[in-house]
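Report on the structure given below.
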Amino acid sequence: MEGTADSPPSLPRASAAEQLSVVATMLVPTLARGPVLRRPFWEAAATALDTDGRAGRVLRRMRAAHGPGPVRVNVLGRRGVLLLTPDQVRRVLMGSPEPFTPASREKEGALAHFQPHALLVTRGDARPARRRFNEEALGTGKRAHALAASFLAAVREEVEVLDHALGADRELTWPRFAPSCWNAVRRIVFGDSAREDRYTTDLLRRLRADANWLYLRPRRDRTRAEFEERVNEYLDRAEPGSLAAEIARTAAPAGTDPAGQVPHWLFAFDAAVITAFRALALIAAHPEEAALVRAELAGHDVSDPGGVAGLDRLRAAVMETVRLWPTTLAILRDSTAETVWDGATAPAGTAFVVFSAFFHRDPDHLPHADRFAPEAWLEGNTAGDWSVVPFSGGPARCAGEDLVLFTTTALLAALLERREFRLVAPGRMGPDRPLPHMLDHFALRLAGSAV
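Every number in my numbering is 4 more than the matching position in the sequence shown, counting from 1.
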């Protein structure tokens, strides 16, 4: 710790070599891959270089050199603190939104492109009302949303169309999987009439591509205005059985901006689709787990919301997938006041960083760090474990977690009851070896035969 007789000590500081390693393995790959919208070329390049695995090794070396930390870094004039233990993660996430706000400078810069009024970047008095609105509309804390029957029907119908398109011998790839999922997402959010409205979600993709550049790219106000106009048309229609209808019936105090929350819901579904495809690959690569999942499916009516909500093992497989390959590359919190860590201080405005891939694969805390272990979720081993935060944690935990888990579980159940899948690429995954630290969903290929 550094300090003088006239000033309190400050946190340990990373050396120049350590900071360079942080930039090379964490910052540059995260920005290149796309923190808001993944870039296929850079996702493949980062996977080939195993940047997440390298970052984990860098952070473990820093923990060995400096003790449990946390450790200060300074990148391009931005003060940051790297968290290195689960207790530090707990303190920061439980301390949201004050004194650790989710509305970090980087998120504000990115999300200003397409969702400036989203809960995630809301500070001050408007935040509690927006949080309540999101929780009520999304059914936070409920395994099956009030409109789960409609959502389930949309998912199952789209899987049926996909299954028919695959036929007997076509492989399931990302270009085939993702569009079918987005048909279901548009129906869930806006209603059945939005099924083929790719233009609206393509507008959002353009804005998200700009958001990858944070503050560095000018905002496309006309594109955003067109996107918002189309969203508002769907919300005015409030088609029965959709989240748009749920918005219409949910109390929204002045300043809540219900329409302003929808872009983030769509954004979050992108991560859900990625996770579902990876989970399908994992199950296909683990025959014993696949057999257990099929046995569970046989004991439930997966055409009924209650049956889907009871698929504990399949739900655990989804949770385990997002542990192994988190879709949120880093959880950021900015301090709104000076904070004290074992007598050392970090000034207000410091960025606190939870690098998800480091914590989720930390062998010092997780004996199953590099293997597929859904049983850890079934047995409650992850309860209270702040090294595993796939949906963040604390008061700012993802409000849509339960809805995402229901829809991804329903999607996987509908696929697995129709087909038995075999992982074609990549060929290095299985129960007999450590799982790779990165999995490029764009490159996944599965072969499926009728059950």
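Note that CB positions come from ideal geometry on N, CA and C, so glycine has one too.
- The beta carbon of F273 sits closer than 7 Å to the beta carbons of V189 from its chain, once the five residues preceding and following it are set aside; these are given in chain order.
- Pairing A150 with V306 gives a Cβ-Cβ distance that is not under 7 Å.
- H70 and P16 have their C-alpha atoms spaced approximately 7 Å apart.
- Taking L115 as the centre and dropping the five residues before and after it, the same chain places the C-beta of A122, L124, V125 and A215 closer than 7 Å to its C-beta, in chain order.
- Sixteen is the threshold: since fewer than 16 other Cβ atoms of the shown chains lie within 10 Å of the Cβ of R65, the residue is exposed.
- In the three-state reduction of the DSSP assignment, G311 falls in the helix class.
- With a cutoff of 7 Å on beta-carbon distance, D338 and T34 are scored as not near each other.
- In this structure, the straight-line span from the alpha carbon of G404 to that of V393 is close to 14 Å.
- Collapsing the DSSP output to three states places T343 in a strand.
- Nearest Cα to T260 within the set V163, V165, R174 and P132: P132.
- Between the beta-carbon of P244 and that of I251 there is about 13 Å, and that puts the pair past the 8 Å contact cut.
- Excluding sequence positions up to five before and after G264, its CB lies within less than 7 Å of the CB of Q119, H121 and A122, all in the same chain and listed in chain order.
- Buried is the label assigned to L239, since at least 16 other Cβ atoms lie within 10 Å of its Cβ.
- Taken through DSSP and simplified to helix, strand or coil, D240 comes out as helix.
- Going by DSSP, G84 is part of the beta strand (DSSP E) stretching over R82 to L86.
- Under DSSP, T177 takes part in a beta bridge, and its partners are R449.
- H364 sits buried, since 16 or more C-beta atoms from the chains shown fall within 10 Å of its C-beta.
- The Cβ atoms of V357 and G84 lie closer than 7 Å to each other.
- Closest in alpha carbon position to E293, among V79, H304, V159 and A377, is A377.
- A contact between stretches requires three or more CB pairs, one per stretch, nearer than 8 Å, and the region 71 to 82 meets this requirement with the region 15 to 32.
- Between A275 and T331, the C-beta gap is smaller than 7 Å, which places the two residues in contact.
- A contact between stretches requires three or more CB pairs, one per stretch, nearer than 8 Å, and the region 154 to 162 meets this requirement with the region 302 to 321.
- With distances taken between CA atoms, G60 lies nearest to M30 out of G452, M30 and A172.
- By the criterion of at least three beta-carbon pairs nearer than 8 Å, the region 181 to 200 is not in contact with the region 90 to 105.
- Pairwise C-beta distances place the region 370 to 388 in contact with the region 313 to 323, as three or more of them are shorter than 8 Å.
- Two segments are said to touch when three or more pairs of C-beta atoms, one from each, lie closer than 8 Å; by this definition the region 159 to 176 touches the region 434 to 452.
- Rounded to the nearest whole angstrom, the C-alpha separation of V79 and D389 is 30 Å.
- Just measuring C-alpha positions, the residue of A373, L220 and L211 sitting nearest S391 is A373.
- Collapsing the DSSP output to three states places T89 in coil.
- With respect to the 7 Å criterion, H445 and R282 are classified as neighbours on the basis of their beta carbons.
- Across the set R212, L88 and L207, the C-alpha of R212 shows the shortest separation from the C-alpha of R43.
- By the CB criterion at 7 Å, F181 and L208 fall outside the cutoff.
- Taking all protein chains in view, the Cβ of N138 is crowded by 16 or more other Cβ atoms within 10 Å, so the residue is classified as buried.
- Contact check for E110 against L218 passes: the beta carbons are separated by less than 7 Å.
- Each residue's CA atom was taken as its position, placing A28 and G434 some 29 Å apart.
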